[in-house]
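With numbering that gives the first Met the number 0, letter number 241 in the sequence shown gets 240, and the count goes up by one each step, no holes. Every residue, glycine too, gets a C-beta built ideally from N, C-alpha and C. Everything on this sheet refers to the single structure shown next.
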Amino acid sequence: MSDKAKILVVDDRPSNVKALRVRLESEGHQVIEALSGPEALDMVAQEKPDLVLLDVMMPGMDGYEVCRRLKVRQGVDFVPVILVTARTETEAIVQGLELGADEYVTKPFESLELMARVKSMLRIRRLYRENTHLRQEVAGRHSFAQVIGQSAAMRQLYEVLPKVIESRVTVLLIGETGTGKEKIARCIHYQGPRQEGRFVAVNCGALPEGLLESELFGHKKGAFTGATEDKEGLFEAADEGTLFLDEIGETSPALQVKLLRVLQEGEFTRVGETQPRRTHARVVAATNRDLEADVKEGRFREDLYYRLSVFPIHLPPLRARREDIPFLAAHFAEKHAVALGLPAPGFTPEALEALSQYQWPGNVRELENEIERALVLLPAGGIIGMEILSGKISGQVSPVKRTGALRDRMAAVEREAIRESLAKHKGNKSRMAEELGLSRWTLSQKMKEYGL
Ligand SMILES: Nc1ncnc2c1ncn2[C@@H]1O[C@H](COP(=O)(O)OP(=O)(O)OP(=O)(O)O)[C@@H](O)[C@H]1O
Ligand SMILES: [Mg+2]
């Protein structure tokens with residue numbers, strides 16, 4: 000929406016409508032009109048104006064009533080209403096605002112004043128629309144549809160997630176680095192009833208103990224050196240939303256006590272204060288450690304562990320669900336191609352095989368990085384083959400990886416065999432590959448490597 004808008008003028012006196020029309024049109028706005036309350040309601044429904052200028056004193060349905068009905072009906076969309084009233088008493092104005100009017104002007108008004116109000120209301124309308132749009136976009140980005148994987152483990156996850164999302168139960172996400180813990184945490188937030196609240200993520204492993212405490216619970220001015228202001232904590236910031244406690248296993252014993260209290264009682268105290276505060280934040284925690292072992296070895300409080308793992312969700316490492324790899328690879332190829340403004344490339348069977356065989360210590364994140372890298376290297380219109388993949392993946396089947404003196408001896412034998420075959424078949428690679436029992440691709444690689 001530009002600064003030029005569609006404005007509905009509602010007034011029972013045509014001369015008033017006309018005057019406003021002239022003024023608004025001179026600013027470049029499009030003006031539509033209604034001469035009564037019921038007509039105004041119809042116009043809003045049909046024409047979807049960006050702003051309504053509404054006269055209060057009209058026979059039949061007055062401006063207040065129109066305003067009330069409009070605001071009840073609007074629901075998702077927000078159309079600002081400016082009441083135009085001849086009554087200057089505070090009471091009348093308050094009545095209008097209580098019914099949901101967003102602004103008012105009193106008659107007789109300066110046209111400059113009116114124009115200033117129109118402008119500021121249109122700005123709010125624009126911000127509102129942008130905000131709605133962004134919200135939808137964010138929710139879309141964190142939807143189930145964006146979680147890829149059809150393996151049994153993932154299907155199990157899809158089965159429980161909807162139930163988890165609707166409840167307020169604390170969730171503990173357990174999995175190696177890059178398995179998608181934060182991704183699932185965001186899904187839980189953005190697909191659930193708390194999506195209007197904030198999603199606040201904090202990495203418990205990245206902050207020193209004292210700082211983490213004041214981040215989570217807030218502090219009072221003067222509580223410690225550097226606390227120059229009262230500060231709200233993240234449990235407050237996420238009051239209506241979700242607090243994602245990443246790497247919860249890294250918290251100190253003292254902090255674990257405080258976390259247990261807030262999870263159990265919904266109560267916490269800002270650093271330097273004595274009066275407890277309450278929070279309704281939903282907590283989703285994540286860990287890449289074996290917390291059960293930490294409990295046995297006394298590094299993690301048992302009671303906190305049980306409180307956290309009311310609902311544990313295990314995200315298996317990628318190597319334990321290899322059937323998901325081709326789907327994830329295709330998903331990331333598409334995602335990053337779109338970002339680069341390219342058509343999504345395909346994969347050669349060898350490349351897919353190599354991707355599926357690799358161990359992926361960095362799990363899905365590592366796979367995504369690999370595909371992103373491949374897309375940067377890929378010539379326009381190309382297809383992702385072995386030559387594009389990084390050595391750690393393509394090299395799994397290459398002799399380069401073998402080590403030591405034996406490797407050299409073997410390489411020498413291999414080189415000699417290839418050389419002989421090369422001479423025999425006069426460079427016909429299909430015949431050579433067949434004779435040597437290698438794929439054409441592997442043969443080419445080896446010939447390159449041996450300088451043949
Ligand atoms: N099932 C999935 N489908 C699509 N993308 C995924 C999936 N799992 C993870 N990803 C992507 O992989 C990347 C890493 O995921 P995420 O950050 O959620 O991992 P993590 O478990 O929190 O890792 P860490 O323990 O290192 O913080 C992200 O870009 C995420 O979008
Ligand atoms: Mg993470």
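Legend entry - Within the region 127-155, ranges of the alpha helix (DSSP H) (whole runs, at least 4 residues): Within the region 127-155, no complete alpha helix (DSSP H) run reaches 4 residues.
Inset, instruction - Would you mind sorting V21 into buried or exposed? The rule is 16 or more other CB atoms within 10 Å of its CB. - result: Reading the sequence shown from its first residue, position 22 is the one you call residue 21. Counting C-beta atoms within 10 angstroms of its own C-beta, V21 has fewer than 16 neighbours from the protein chains shown and is therefore classed as exposed.
Inset, instruction - Could you tell me how far apart the beta carbons of V146 and F310 are, in whole angstroms, since I believe they sit closer than 8 Å? - result: Indexing the sequence shown from 1 puts residue 146 at position 147. Indexing the sequence shown from 1 puts residue 310 at position 311. For a cut-off of 8 Å, the C-beta gap from V146 to F310 is around 17 Å, too long to register as a contact.
Inset, instruction - Taking the CB atoms as reference points, tell me whether G381 and P344 lie closer together than 8 Å. - result: Position 382 of the sequence shown, counted from the first residue, corresponds to residue 381. Position 345 of the sequence shown, counted from the first residue, corresponds to residue 344. A distance below 8 Å separates the beta carbons of G381 and P344.
Inset, instruction - With DSSP collapsed to three states, give me the class of T105. - result: In the sequence shown, residue 105 corresponds to position 106, counting from 1. Residue state, collapsed to three classes: strand.
Inset, instruction - State the Cα-Cα distance for the pair M454 and D11, rounded to the nearest angstrom. - result: The first residue shown for the chain is 0 and the last is 451, placing residue 454 beyond what the model contains.
Inset, instruction - Go ahead and pull the three-state DSSP assignment for F223. - result: For this step, residue 223 is matched to residue 224 along the sequence shown. Three-state result, F223: coil.
Legend entry - Whole alpha helix (DSSP H) elements within the region 195-282, 4-residue minimum: Within the region 195-282, the runs of alpha helix (DSSP H) that reach at least 4 residues and sit entirely inside it are, in chain order, 208-216, 233-236 and 252-264.
Inset, instruction - Under 8 Å by Cβ, that's how I've got Q444 and Q395 pegged, so tell me the actual separation to the nearest angstrom. - result: Here residue 444 refers to the residue found at position 445 of the sequence shown. Here residue 395 refers to the residue found at position 396 of the sequence shown. Between Q395 and Q444 the Cβ distance is about 12 Å, and since that is not below 8 Å, they are no contact.
Inset, instruction - Tell me V80's beta-bridge partners as DSSP assigns them. - result: For this step, residue 80 is matched to residue 81 along the sequence shown. As a beta-bridge residue in DSSP terms, V80 pairs with V51.
Inset, instruction - Assign Q255 to one of two classes, buried (16 or more other C-beta atoms within 10 Å of its C-beta) or exposed (fewer than that). - result: For the purposes of this step, residue 255 is taken as residue 256 along the sequence shown, with counting starting at 1. With 16 or more Cβ atoms within 10 Å of its Cβ, Q255 is classed as buried.
Legend entry - Cβ neighbours of L377 in the same chain (closer than 7 Å, five flanking residues each side left out): Reading the sequence shown from its first residue, position 378 is the one you call residue 377. Contacts found: P344, I383 and I387.
Inset, instruction - Return yes when the C-beta of R67 is under 7 Å from any heavy atom of ligand 1, and no when it is not. - result: By 1-based counting over the sequence shown, the position of residue 67 is 68. For ligand 1, not one heavy atom lies less than 7 Å from the Cβ of R67.
Legend entry - Opening and closing residue of the beta strand (DSSP E) in which E371 lies: If you number the sequence shown from 1, residue 371 lands on position 372. It is not in any beta strand (DSSP E) - E371 instead sits in the alpha helix (DSSP H) that spans N362 to L376.
Inset, instruction - Check whether the region 218-225 touches the region 255-272, counting contact only when three or more Cβ pairs, one atom from each stretch, lie closer than 8 Å. - result: Of all C-beta pairs linking the region 218-225 to the region 255-272, three or more are shorter than 8 Å, placing the two stretches in contact.
Inset, instruction - Assuming G174 contacts H313 (C-beta within less than 8 Å), just tell me the rounded distance between them. - result: Against the sequence shown, residue 174 aligns to sequence position 175. Against the sequence shown, residue 313 aligns to sequence position 314. Yes, G174 and H313 are in contact; Cβ-Cβ is about 6 Å, under 8 Å.
Legend entry - Neighbouring residues (CB closer than 6 Å to any heavy atom of ligand 2): Spelled out in chain order, the answer is K180, E181 and D245.
Inset, instruction - State yes or no: is the C-beta of L374 nearer than 7 Å to some heavy atom of ligand 1? - result: Locating residue 374 in the sequence shown gives position 375, where the first residue counts as 1. Because no heavy atom of ligand 1 lies under 7 Å away, the Cβ of L374 does not count as near it: no.
Legend entry - Contacts around L7, its chain only, beta-carbon distance under 6 Å, and the 5 residues preceding and following it disregarded: Here residue 7 is taken as the residue at index 8 of the sequence shown, counted from 1. Exclusion of the five residues before and after L7 leaves I31, M42, P48 and V51 as the residues of its chain whose Cβ lies within less than 6 Å of its Cβ.
Legend entry - Unbroken alpha helix (DSSP H) run spanning F326, endpoints: Indexing the sequence shown from 1 puts residue 326 at position 327. Start and end: I324 to L339.
Inset, instruction - Determine the contact status of T453 and V201, defining contact as a CB-CB distance below 8 Å. - result: This structure leaves residue 453 out entirely; the chain is present only between 0 and 451.
Legend entry - Span separating the alpha-carbon of R67 from that of L98: By 1-based counting over the sequence shown, the position of residue 67 is 68. By 1-based counting over the sequence shown, the position of residue 98 is 99. Cα atoms of R67 and L98: separation of roughly 5 Å, rounded to the nearest angstrom.
Inset, instruction - Count the CB pairs spanning the region 228-242 and the region 276-291 that are closer than 8 Å, and state whether there are at least three. - result: The answer is yes - the region 276-291 touches the region 228-242, with three or more Cβ pairs under 8 Å.
Legend entry - L7 - DSSP class collapsed to helix/strand/coil: Stepping through the sequence shown from its first residue, residue 7 is reached at position 8. L7: strand per DSSP, three-state reduction.
Inset, instruction - Spell out the partners DSSP gives I187 in its beta bridges. - result: Taking the first residue of the sequence shown as position 1, residue 187 is located at position 188. Note: I187 sits in no beta bridge, so no partner.
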